[in-house]
Amino acid sequence: MKIDHLKQRLTKLINFWKKQAIPVSSKSRQEIDEFQKNNNIHLPEDFVEFYSDLNGMETLYPNETDEEGFLFYPLEAVIPISNKFKDSRLINKEHIFLFAEYMHKSWWYGVEVINANNYIIGIIPEKDFFKPITNSFADFIKLYMDDSPKLYDYSSSLFNGI
């Protein structure tokens, strides 16, 4: 059920990007598995599904964005936050992976991997701050396509948007 919901969102995302003339490519499961093994990264199944349907905005990376300023990274560019910010004080920095950015790195979006099926997607405005947005990649895609204010709110309020 969860994967079916994600598949529906991915189909809508493909159409959303095609309307912006963003070419769509994908990765094979074997390529994804090799990437994870070679980089000691374990992506949640939803992200594996995403990259097997869409390899992010591969043709725009690293210097272009969509119409709103978002850039979804191709698989090859997904890295732990600890690689980007070596001195980050985030507790789980080895388990937080950057997969998108806004306005040429004004801030990032990352996924904190708990296990293969549990994760938290959050906004990262600076190296020591991760604000949860959702625990569903399908919901994140909807927020993105709807241009939701939740994707721009990096205030440090106690509000937890999950």
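Each step along the sequence shown adds one to the number in the working numbering, with nothing skipped, and position 33 is 34. Quick reminder that beta carbons are idealized off the backbone N, C-alpha and C, glycines included.
Check: What first and last residue would you give for the beta strand (DSSP E) that runs through K132?; Outcome: F130 to T135
Check: How many Å lie between N161 and D148 at the Cα?; Outcome: The predicted model places N161 with a pLDDT of 44, which falls under 50 and marks its position as unreliable; any figure quoted below should be read in that light. Taking the straight line from one Cα to the other gives about 19 Å.
Check: Within the same chain, show all residues whose beta-carbon is closer than 6 Å to that of L159, passing over the 5 residues directly before and after it, in chain order.; Outcome: The pLDDT assigned to L159 is 44, lower than 50, so where the model puts this residue is not dependable; a value taken from the coordinates is nonetheless given after this. Correct list: empty, nothing qualifies.
Check: Among L91, F36 and N16, whose alpha-carbon lies nearest the alpha-carbon of I1?; Outcome: The requested residue 1 does not occur in the structure, where the chain is confined to residues 2 to 163.
Check: Please go through the stretch 93-126 and give each complete beta strand (DSSP E) segment of 3 or more residues, from N-terminal end onward.; Outcome: 97-103 and 108-114
Check: Let me make sure I understand the geometry here. Which of A117, D54 and G123 has the alpha-carbon closest to that of S156?; Outcome: G123
Check: Quick check on R30: buried or exposed, where buried means 16 or more other Cβ atoms within 10 Å of its Cβ?; Outcome: exposed
Check: Using three-state DSSP, classify P150 as helix, strand or coil.; Outcome: helix
Check: In whole angstroms, what is the alpha-carbon distance linking K151 and T135?; Outcome: 10 Å
Check: As a quick exercise: from I4, D5 and L11, pick the residue whose alpha carbon is nearest that of L144.; Outcome: L11
Check: Pop quiz: D47 and L7 are said to be a contact at Cβ under 8 Å. What is the actual Cβ separation, rounded to whole angstroms?; Outcome: 6 Å
Check: Just list the alpha helix (DSSP H) runs in the stretch 17-105, keeping only unbroken ones of 4 residues or longer that don't cross its boundaries, in chain order.; Outcome: 30-40, 46-54 and 82-85
Check: Quick one: is the Cβ of K87 within less than 6 Å of any heavy atom of the ligand FMN?; Outcome: What this structure holds is no ligand at all, so the ligand FMN is not there to describe.
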